[in-house]
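Oh and the sequence shown: position 264 is 264 in UniProt numbering, straight run, nothing missing.
Each residue gets a CB set at the ideal place from its N, CA and C atoms; glycine is no exception.
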Amino acid sequence: MNLQLIFWIGLISSVCYVFGQADENRCLKANAKSCGECIQAGPNCGWCTNSTFLQEGMPTSARCDDLEALKKKGCHPDDIENPRGSKDIKKNKNVTNRSKGTAEKLQPEDITQIQPQQLVLQLRSGEPQTFTLKFKRAEDYPIDLYYLMDLSYSMKDDLENVKSLGTDLMNEMRRITSDFRIGFGSFVEKTVMPYISTTPAKLRNPCTSEQNCTSPFSYKNVLSLTDKGEVFNELVGKQRISGNLDSPEGGFDAIMQVAVCGSLIGWRNVTRLLVFSTDAGFHFAGDGKLGGIVLPNDGQCHLENDVYTMSHYYSLSSEVILENSKLPEGVTINYKSYCKNGVNGTGENGRKCSNISIGDEVQFEISVTSNKCPNKNSETIKIKPLGFTEEVEIILQFICECECQSEGIPSSPKCHDGNGTFECGACRCNEGRVGRHCECSTDEVNSEDMDAYCRKENSSEICSNNGECVCGQCVCRKRDNTNEIYSGKFCECDNFNCDRSNGLICGGNGVCKCRVCECNPNYTGSACDCSLDTTSCTAVNGQICNGRGVCECGACKCTDPKFQGPTCEMCQTCLGVCAEHKECVQCRAFNKGEKKDTCAQECSHFNITKVENRDRLPQPGQVDPLSHCKEKDVDDCWFYFTYSVNGNNEATVHVVETPECPTGPDIIPIVAGVVAGIVLIGLALLLIWKLLMIIHDRREFAKFEKEKMNAKWDTGENPIYKSAVTTVVNPKYEGK
């Protein structure tokens with residue numbers, strides 16, 4: 001199990017490292033020859049415009065790198081070309097916020113339901129630009145409603161209900177808006193066989209002779225949009241039922257004409273509602289071929305005198321809320337919706353919000369990203385809510401070149417007698433010229449005479465086998481790991497073949513330049529593994545290695561072989577501090593011990609202070625580093641003291657003034673305990689003996705009772721009685 005865990009951790013780490021390297025080195029892998037190519041490689045790529053930035057042997061593409069990498073290589077931030085994208089909102093009229101009861105009545109063009117209306121996005125490759133789109137269904141917003149009804153014979157009862165609908169519908173809609181218009185249209189079926197009967201009689205009256213029906217038709221615009229409900233009632237009241245042969249109806253032909261004949265229907269740029277009323281199904285695409293109609297619907301208006309003159313089929317369907325126009329190649333758009341009641345959506349669900357009532361405001365976070373530079377420098381896209389005429393116009397401007405490119409100097413003397421344009425710190429050579437300074441023509445690139453300039457003295461290797469000779473100059477090749485670089489006039493240098501320490505180049509404490517470590521401050525050594533910092537060598541008393549050694553590469557080297565440890569503080573063969581000063585403290589504090597007579601001569605090297613009890617002794621952190629000691633004196637009494645040395649090597653001893661002497665044993669409790677123990681042990685033995693005897697007697701009695709129960713003899717004869725008479729029978733005696 002542990003091996004599997006280690007394997008998966010290693011695999012995941014490797015994958016993460018590979019992807020991290022791929023993303024980090026995207027700029028170098030682009031092999032950009034100009035600043036414009038560089039900034040298109042990724043949003044974190046920059047171009048160093050300093051003309052002296054490149055080392056010998058480094059290609060022009062080395063100017064393009066990650067921003068932090070360029071700074072580490074010595075490019076000043078002011079010399080890094082790194083244009084950023086931006087957004088500029090040109091029209092940002094607030095969404096209309098008014099209620100139906102407002103006295104002021106606005107025209108449809110004065111009502112705003114979407115914000116902003118126009119903005120300009122400066123797009124850099126790979127860098128998204130995000131803006132917030134607000135949408136609010138305005139209250140008292142004008143509404144156009146068109147009632148489209150099936151007038152086939154099966155809808156006869158429904159027509160009677162609709163004839164009185166106009167006034168009621170107007171009254172209900174005026175509760176929602178004060179600007180409401182209504183229209184009416186009808187449809188039956190395509191006027192060709194086999195959908196209707198084409199006999200003259202049936203064309204005049206497709207119903208039975210008892211019914212007075214109107215001639216069949218495809219679609220009629222009975223009433224264009226109007227605000228007069230009584231006109232709606234009047235015209236609808238004059239409508240008559242018609243008929244057809246098949247069950248499906250031609251409703252989609254009518255819907256198409258209602259949608260495209262805007263001027264004839266009277267649609268305004270306001271909310272448009274189409275009420276479609278039928279009790280039958282509809283024709284599928286291709287059904288028209290039965291009647292000889294082979295061409296699909298052309299999507300054009302074909303009304304003459306409000307009557308449809310063609311009979312084709314076409315399907316319309318859409319359910320998204322936000323839609324955008326066709327995007328330029330390489331441009332992507334992402335939506336995130338913030339709907340009411342805290343409902344959010346992303347991806348395709350980010351385009352829409354459901355259950356929006358009048359007066360509700362929702363927001364969409366829209367991100368536009370360009371992944372490459374299109375042919376045009378500017379494109380326009382539009383976003384709008386489906387079914388509304390208002391839209392957001394987004395002008396896309398693509399950042400495909402650096403600002404320094406516009407300042408380029410054509411035919412610059414810096415580019416070998418004008419053979420290129422000097423821009424952004426480098427030469428962009430004219431066609432047919434190569435080299436860092438455009439100093440060669442393409443015909444001279446492979447000349448053997450040029451190769452001689454790419455060999456080190458006394459060497460046959462071209463560019464040290466680490467590059468190729470271009471125009472008499474070495475251009476060092478790139479390694480798979482783009483962080484590893486060859487450089488030098490002959491590509492003889494690199495930044496990855498220096499000494500290592502702890503698995504890191506230059507110990508992680510320096511940079512590798514031309515195979516030699518340049519160490520950071522406070523580090524030295526061939527692998528920068530020797531620290532000049534003495535902090536780790538400083539003992540708790542402030543001395544370097546406790547005065548018993550020297551600090552080399554951040555570690556103590558003890559000069560006295562008896563001492564060891566990080567700061568030469570340990571001595572395995574030395575007496576401890578307490579044992580070393582025990583006799584001197586005893587003679588100084590209590591005038592006793594082995595050094596009692598020589599105390600003044602041998603024990604004057606420290607200051608002594610007496611305290612009342614152990615609680616008054618100094619504690620760690622209160623004074624200089626100290627040792628707590630507990631020792632026995634000549635009377636077998638314990639005395640307590642502390643020993644400390646300050647920064648001036650002055651020793652101080654604090655000692656408890658009264659030793660703790662052990663008291664003698666109390667005889668009476670001991671004797672009483674022994675006697676009591678003997679008595680108790682005797683009683684315990686007697687009790688045990690008595691218990692064993694009781695158990696034994698009970699077993700014997702039980703055994704006797706058992707034998708008594710098992711005994712069997714006659715009650716009239718003693719079982720142990722033996723008769724004195726013995727009878728002997730003579731076998732010869734026959735009883736005579």
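Three-state class that DSSP yields for residue i in the structure shown
i	result
E139	coil
I89	strand
N334	strand
V725	coil
N2	Legend: pLDDT at N2 = 48, less than 50; position of this residue unreliable, value from coordinates given subsequently. Note: N2 maps to helix in three-state DSSP.
T535	helix
I176	coil
V95	coil
E393	strand
K72	helix
K732	coil
T60	helix
C454	helix
I111	coil
G266	coil
F398	strand
T226	strand
Q601	helix
T167	helix
R515	coil
E657	coil
Proximity winner among the options, relative to residue i (alpha-carbon distances)
i	options	result
K582	T226, K630, K382	K630
S370	P328, M155, E403	P328
G350	S357, I358, N341, S337	S337
K489	S51, V656, E56, N44	E56
G36	E401, C491, T658	E401
C519	I485, T534, S501	S501
N324	I265, F388, S263, I670	F388
P108	R84, P83, D144	D144
I366	P116, K73, V162	P116
V655	C584, D697, A676, E705	C584
L121	Q257, T167, S378, S224	S378
Q564	E552, A579, K72, R548	R548
S51	N44, P59, C45	P59
I114	F364, R124, L223	F364
M149	E160, Y141, V550, E361	E160
C530	C512, V516, G507, V550	G507
E390	A651, R588, L322, K372	L322
Y219	I668, S464, D597, S186	S186
H437	V475, E461, G262	V475
T663	E650, F180, E657, C637	C637
Burial state of residue i, where buried means 16 or more other Cβ atoms lie within 10 Å
i	result
C556	buried
residue 765	No answer is possible for residue 765: it lies beyond the span of the chain, which begins at 1 and ends at 736.
V343	exposed
residue 741	No answer is possible for residue 741: the residues shown for the chain start at 1 and end at 736.
A724	exposed
G250	buried
C603	buried
L692	exposed
V15	Since pLDDT at V15 reaches only 42, below the 50 mark, its modelled position is unreliable, and the value read off the structure follows with that caveat. With fewer than 16 other Cβ atoms within 10 Å, it is exposed.
V331	buried
C689	Position check: residue 689 holds Trp in this sequence, whereas Cys was assumed. So W689 counts as exposed.
N221	buried
F422	buried
Beta bridge counterpart(s) of residue i as assigned by DSSP
i	result
S644	L626, T652
F607	One detail in the question is off: residue 607 reads as Asn in this sequence, not Phe. Paired residues: T652.
Y219	F187
I485	K478
S441	R433
C469	C474
K595	BP columns for K595 are empty, so no partner.
residue 779	What is shown of the chain runs 1 to 736, which leaves residue 779 out entirely.
I241	Answer is none; I241 lacks a bridge partner.
C571	F563
A555	E552
D65	G46
Whole alpha helix (DSSP H) elements within the stretch 321 to 386, 4-residue minimum: none
Enumerated in chain order, which unbroken segments of the alpha helix (DSSP H) with a length of 4 residues or greater are wholly contained in the stretch 660 to 685? Considered as a whole, the stretch 660 to 685 harbours no complete run of any alpha helix (DSSP H) with no fewer than 4 residues.
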